[in-house]
Amino acid sequence: MLQLNFIRENKDLVIERLGVKNFKTAKEDIEKVLALDNDRKSAQKNLDDIKTEENKLAKQIGGLFKEGKKSEAEELKQKTATLKQEEKQVGETLAKIEQDIRTLLLSIPNIPHQSVARGKGEEDNEVVKMIGEIPNLPEDALPHWELCAKYDIIDFNLGNKITGAGFPVYKNKGAKLQRALINFFLDEATKDGYMEVQPPLMVNEQSAMATGQLPDKEAQMYVIPLDKFYMIPTAEVPVTNIFRDTIVEEKEFPIRRCAYSQCFRREAGSYGKDVRGLNRLHQFDKVEIVCIDSPTHSYEQLEVMKEHVSNLLKNLGLPFRIVRLCGGDISFTSALTFDFEVFSAAQKRWLEVSSVSNFESYQANRLKVRYRDKDGKMQLCHTLNGSALALPRIVAALLENYQTKDGIIVPECLVPYTKFNIIN
RNA sequence: GGAGAGGUGGGUGAGUGGCUGAAACCAACAGUUUGCUAAACUGUCGUACCUAAUUACGGGUACCGGGGGUUCGAAUCCCCCCCUCUCCGCCA
1 MLQLNFIREN
11 KDLVIERLGV
21 KNFKTAKEDI
31 EKVLALDNDR
41 KSAQKNLDDI
51 KTEENKLAKQ
61 IGGLFKEGKK
71 SEAEELKQKT
81 ATLKQEEKQV
91 GETLAKIEQD
101 IRTLLLSIPN
111 IPHQSVARGK
121 GEEDNEVVKM
131 IGEIPNLPED
141 ALPHWELCAK
151 YDIIDFNLGN
161 KITGAGFPVY
171 KNKGAKLQRA
181 LINFFLDEAT
191 KDGYMEVQPP
201 LMVNEQSAMA
211 TGQLPDKEAQ
221 MYVIPLDKFY
231 MIPTAEVPVT
241 NIFRDTIVEE
251 KEFPIRRCAY
261 SQCFRREAGS
271 YGKDVRGLNR
281 LHQFDKVEIV
291 CIDSPTHSYE
301 QLEVMKEHVS
311 NLLKNLGLPF
321 RIVRLCGGDI
331 SFTSALTFDF
341 EVFSAAQKRW
351 LEVSSVSNFE
361 SYQANRLKVR
371 YRDKDGKMQL
381 CHTLNGSALA
391 LPRIVAALLE
401 NYQTKDGIIV
411 PECLVPYTKF
421 NIIN
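Each residue of the first sequence is one higher than the last, beginning at 1 in my numbering.
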């Protein structure tokens, strides 16, 4: 969430920038939260004064008891009764105000970076780069779901039986290809300085809150009701939460982590061609990279991460484009996001395979990840993350783009991992 | 799942109702000493919020796993929850 002090000092900017995100109630909400904060301050002062008085009296009473002046002590005790009542009242008022502030702050999205343009949605995103050649496939080229059946490498019907739609079973070379991609991505991330971690696949409420999945995206997660756990929609959640409530050293920057995890998403409201085959699944594999750095260096890190993702796609030989998300499409918690989309040549569609974002201090404020700056002051860190990469759509593009009449050619960089160079 | 023990500042660890925001030690930082290193000595050494002030000397409040209670007063007593350890049970 946004820092209240920042909002107070940059009120107009915040309102203007929230407008870019099409956040309708920006002006009211910001004014309301500042008004509530003023109320909070006076209530706080009030409460502190009452407590000061109580503390003084308590000391006096203690002293009187020691001197054996019982009756005087009893007299003072009477005085504390009214104070305690006041304290209770003011305390309740304060607690309510604080709760209101928190609820309101949680409902206000992050403000977008200066480079983020206004826009309604996907259609207003800006393509900033396009790399690679779009392959010329013959007219009878098959979409990946048909290739999966033809070579018996991914079985959607089997998954339907075992669990339901969106939970495919990978078989034979399909399963091996998955494993190869995961290892390739992890090795590349390690080479670029990301320490590998294996996080839990379920998280508690606090973790989901800290990275911003809760409260507003609860419907996108699978919930384990008995234990109040959430299946992770991305490794971003557990990996970023590694740093929750910690103070890191400036000399540790940039902190880089990578993790392979399976991701679980309910994808409520998706339909049609979007969910065909591997295009949108409820369970999928992904390697995630996470970075934590100081506010002065976070945007450099964003570039470094974009470079990492670009290199992966270049190695795989997939044509891709980098898209800067507009205000209408960027996520609630992000300040700046670049999507990477590969061209899936048989479907003739661009598929999002990575999303690289700088959250600035928005997540860090909930996470309480801080560092001490040069003046010894506590500062919130900036957090960033990106997919590197999400598997299913990569697989879809690989299958479609590399299909030949003899089978599907495996890109060179993967052969050391798959130990085969064609799927037939 | 059952029984017991325990959770204190960056770390170790003292503290069972007021003199404890918290001893001591270690680490860290600054300084003195020194040809250099080490040692020794001196000082600093939590966070958040409120308030005063305004670029610097303050005052107050809260926080000893989390929440609630008893009390004039709680790290200390009581209740609930979470976590860790030991033993038993179960199990990959």
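Beta carbons are placed, not taken as given, at the ideal position from N, Cα and C, and that holds for glycine.
Excluding the 5 residues preceding and the 5 following residue i in the sequence, name in chain order all residues of the same chain whose CB lies nearer than 7 Å to its CB.
i      : result
Asp152 : Lys171 and Asn172
Leu158 : Val169
Phe420 : Lys173 and Val410
Glu236 : Thr211, Glu288, Val290 and Asn385
Lys161 : none
Take residue i and list the residues in its own chain whose beta-carbon comes closer than 6 Å to its own, dropping the five residues that flank it on each side.
i      : result
Gly193 : Arg256
Glu360 : Ala335 and His382
Tyr362 : Asn110 and Thr333
Ala397 : Leu318, Val342 and Ser344
Glu72  : Leu64
Val127 : Arg321 and Val323
Lys120 : Gly328
Leu105 : Met1
Ser270 : Arg280
What distance in whole Å lies between the Cβ atoms of residue j and residue i, which are believed to be in contact at a cut-off of 8 Å?
i      : j      : result
Cys263 : Glu196 : Cys263 to Glu196, Cβ: 17 Å. No contact.
Ser387 : Val353 : 7 Å
Tyr417 : Phe185 : That belief does not hold up - the Cβ atoms of Tyr417 and Phe185 are roughly 10 Å apart, past 8 Å.
Asn125 : Leu325 : 5 Å
Asn401 : Pro138 : The pair is not a contact, with the Cβ atoms about 13 Å apart (cut-off 8 Å).
Rounding to the nearest angstrom, what Cα-Cα distance links residue i and residue j in this structure?
i      : j      : result
Phe332 : Asn204 : 21 Å
Leu399 : Glu98  : 54 Å
Ala210 : Asn358 : 15 Å
Arg244 : Gln347 : 42 Å
Asp155 : Val395 : 14 Å
Ile292 : Gln178 : 28 Å
Gln78  : Lys88  : 16 Å
Cys148 : Gly212 : 36 Å
Ala141 : Gln403 : 8 Å
Gly19  : Ala26  : 7 Å
Leu13  : Glu54  : 43 Å
Lys228 : Gln283 : 20 Å
Ala268 : Glu86  : 49 Å
Glu307 : Ile224 : 37 Å
Glu122 : Asp329 : 6 Å
Lys440 : Gln198 : The chain is shown from 1 up to 424; residue 440 falls before or after that span and cannot be answered.
Thr80  : Lys70  : 16 Å
Gln44  : Lys314 : 57 Å
Lys377 : Val239 : 26 Å
Phe6   : Lys24  : 20 Å
Leu34  : Arg8   : 7 Å
Ala58  : Leu94  : 23 Å
Ile422 : Lys150 : 14 Å
Ile101 : Leu47  : 18 Å
Pro200 : Tyr230 : 11 Å
Ser115 : Ile182 : 33 Å
Glu188 : Asp285 : 16 Å
Pro254 : Leu76  : 58 Å
Val275 : Pro143 : 13 Å
Glu67  : Thr82  : 25 Å
Using a Cβ-Cβ cut-off of 8 Å (strictly less than) and excluding sequence neighbours within five positions of residue i, which residues of its own chain qualify?
i      : result
Leu384 : Val290, Cys291, Ile292, Asp293, Ser298, Gln301, Leu302, Met305, Val356, Ser357, Asn358 and Phe359
Ile30  : Ile7, Lys11, Val14, Ile15, Leu18 and Ile108
Arg393 : Leu278, Asn279, Val342, Ser344, Leu351, Glu352 and Val353
> How about the region 369–384 and the region 213–220: do they share at least three Cβ pairs that are nearer than 8 Å?
Replying inline: A contact between stretches requires three or more CB pairs, one per stretch, nearer than 8 Å, and the region 369–384 fails this requirement with the region 213–220.
> Can you give, in chain order, each stretch of the beta strand (DSSP E) that sits fully within the region 98–161 and has at least 3 residues?
Replying inline: The region 98–161 contains these whole beta strand (DSSP E) runs: 126–131.
> For the region 262–313, which segments carrying the beta strand (DSSP E) assignment without a break, of at least 3 residues, lie completely within its bounds, in sequence order?
Replying inline: 283–293
> Which runs of the alpha helix (DSSP H) fall wholly inside the region 213–271 and span at least 4 residues, in chain order?
Replying inline: 236–241
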